[in-house]
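These notes concern the structure reproduced below.
There are 2 protein chains.
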Amino acid sequence: MPRRSYGQLCPIASALDLVGERWTLLVVRELLLGPKRFSDLQVGLPGIGSNILSDRLKELEAASVVSRRRLPPPAASWVYELTDRGRELGDIVLRLGRWGVSSPAFRQSDGTARPEWTVLSLYARYDLSAAMAGPASVELRFGDETYSARIDEGQLTIGRGAATSPDVIVSLDHDTLNRIFRSKGRERNRVANGVTIVEGSRDAFESFLRLFT
Amino acid sequence: MPRRSYGQLCPIASALDLVGERWTLLVVRELLLGPKRFSDLQVGLPGIGSNILSDRLKELEAASVVSRRRLPPPAASWVYELTDRGRELGDIVLRLGRWGVSSPAFRQSDGTARPEWTVLSLYARYDLSAAMAGPASVELRFGDETYSARIDEGQLTIGRGAATSPDVIVSLDHDTLNRIFRSKGRERNRVANGVTIVEGSRDAFESFLRLFT
DNA sequence: CGGTATCCGCAAAGATACTG
DNA sequence: CAGTATCTTTGCGGATACCG
């Protein structure tokens, strides 16, 4: 059974043959911050259905976007991670996010909210022109989920897990972070007061926030 | 009737809600080189079905990606064209093409071939590092279809229609252009001998080709 | 735990006929 | 030419049952 294709001799159509189906690019999004297990992917893709996720992962593997790897003992479970080609595609997915974040539809949208998505949206909100200011490394804690953001030579990098030698560590809930980004200027600092500073100064955190629109 | 949505508070998911459905990004591709009428879009999207195209155009209009405009008399028909937001999305579509052109699946693919797609693939094949060399302006004629490619300060721009003060004008069929890109080095020049030089020198055309991988 | 396989209902896609 | 209307087909969502 041949997979459905546009049947066009065109690089764009060919790319969409590989990754243009429903859910596929969201699977890539889920892997942007590092490898995940099947069940973690399910959590990050509410409503997908295990059969569809299974199909998509096989397709992505066939397209050399994702690879399946066994975790070293004692974990001994399987994880999916982006290949080099997958990370290239990931850049495009992030650009799509940058496009989406400035859309009226996004501002008015609501739905399931997850800390990881909002943290990922830092890539979309990051303002190159504002760089240089602010601390280089921030750790964000949402309950038991921890993320780190680092700015190095104007380049933003986000990861899962604790930061190494962070300038600021904050603890917050994801609703607060969302409200921070929906506000701006002085109002934003007011909302940001709901954030607990675990380590470092509040000023440092606020100047970090100024890097994002 | 609410359109189908991922229901996630995430810029990437939100973008895919707007333009992630089947055919949508290919409609954007079709408009990358300028406005088109409904029937021209149908020609460029073999197999789409007029109802689907109609739906997609309405959705793209609602998302402010495409605008519908009446042509001045005596033409008096409607055309669809990209808005500013649509061109931003167009950049992403071109990046997807750049990703797709380097995929094994594309190299092995066949299917419907159209001159416009292959001309568009110049964006994907353009090698920044090779710039500076070659003529700045080339006109490509395929039967009654004419395209122009211009390089200005290392920036490639492609359009429909005749070039202004071209360095080279060539006449070819789209199969020849495809074979040119499937070959490389000395072999490529051999294939390129099948191209008719209408104006300018064959050397200039060959150095133009060296800008593309 | 980490998936695969199957069934069922529905909504979107494909095909085509038709109309302003 | 520019779509709309209708009908069929297919893929998706959801549930559940199964297997290493």
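From first to last, the protein sequence lines are chains Y and P. Just so you know, numbering that gives the first Met the number 0 puts 0 at position 1 of the first sequence, and the rest follows in order with no gaps. Just so you know, numbering that gives the first Met the number 0 puts 9 at position 10 of the second sequence, and the rest follows in order with no gaps. Using N, Cα and C, we set each Cβ at its ideal position, and we do this for glycine too.
Per DSSP, Ser66(P) is not a residue of any alpha helix (DSSP H); the beta strand (DSSP E) it occupies stretches across 65–69. If you ignore the 5 residues before and after Thr117(P), its C-beta comes within less than 8 Å of the C-beta of His173, Leu176, Asn177, Phe180, all in its own chain and listed in chain order.
Beta bridge pairing from DSSP links Asp151(Y) with Gln154(Y). The beta carbons of Gly99(P) and Ser13(Y) sit about 5 Å from each other, so the pair counts as a contact at 8 Å.
Judged by DSSP in its simplified three-state form, Tyr5(Y) adopts coil rather than helix or strand. The Cβ atoms of Gly33(P) and Arg159(P) lie closer than 8 Å to each other. In chain order, Pro10, Ser13, Ala14 make up the part of chain P whose C-beta sits under 8 Å from the C-beta of Phe105(Y). The shortest C-alpha to C-alpha distance from Leu15(Y) to any of Val65(P), Ile91(P), Pro71(P), Leu59(P) is the one to Ile91(P).
One thing to note: Pro10(P) has its Cβ within 8 Å of the Cβ of Gly96(Y). Gln7(Y) belongs to the set of residues whose beta carbon lies under 8 Å from a beta carbon in chain P.
In the three-state DSSP reduction, Glu198(P) falls in the strand class (E or B). Beta-bridge annotation (DSSP): Leu81(Y) is paired with Val65(Y). Interface annotation, Glu87(P): in contact with chain Y, CB-CB separation under 8 Å.
Glu60(Y) places its beta carbon 8 Å or farther from that of Arg68(Y). A buried status is given to Ala191(Y), since no fewer than 16 other beta-carbon atoms sit within 10 Å of its beta-carbon.
Not flagged as an interface residue toward chain P: Leu139(Y), since no C-beta distance is shorter than 8 Å. With its beta carbon at least 8 Å from every one in chain P, Gly158(Y) lies outside the interface.
If you check the CB distance, Asp151(P) and Ala203(P) do not come in under 8 Å. In this structure Leu171(Y) is in contact with Val194(Y), their Cβ atoms being roughly 4 Å apart against a cut-off of 8 Å. Inter-segment contact for the region 19–28 of chain P and the region 48–60 of chain P is present: three or more beta-carbon pairs are separated by less than 8 Å.
For Leu139(P), the enclosing beta strand (DSSP E) starts and ends at 136–141. The DSSP-derived three-state label of Arg21(P) is coil. Leaving aside the five residues that flank Glu115(P) on each side, none in its chain has a CB nearer than 6 Å to its CB. Ranked by Cα distance from Leu17(P), the first of Leu30(P), Arg3(P), Arg28(P) is Arg3(P). Of the residues assessed, Leu127(Y) falls on the exposed side of the cut-off, its CB having fewer than 16 other CB atoms within 10 angstroms. Residue pairing by DSSP places Thr111(P) opposite Gln7(Y) in a beta bridge. Gly110(P) is not a Cβ neighbour of Leu31(P), given a cutoff of 8 Å.
Taking 8 Å as the cut-off, the Cβ atoms of Glu58(Y) and Gly43(Y) do not count as close.
Across the region 41–65 of chain P, CB contacts with chain Y closer than 7 Å involve Ala62, in sequence order along the chain.
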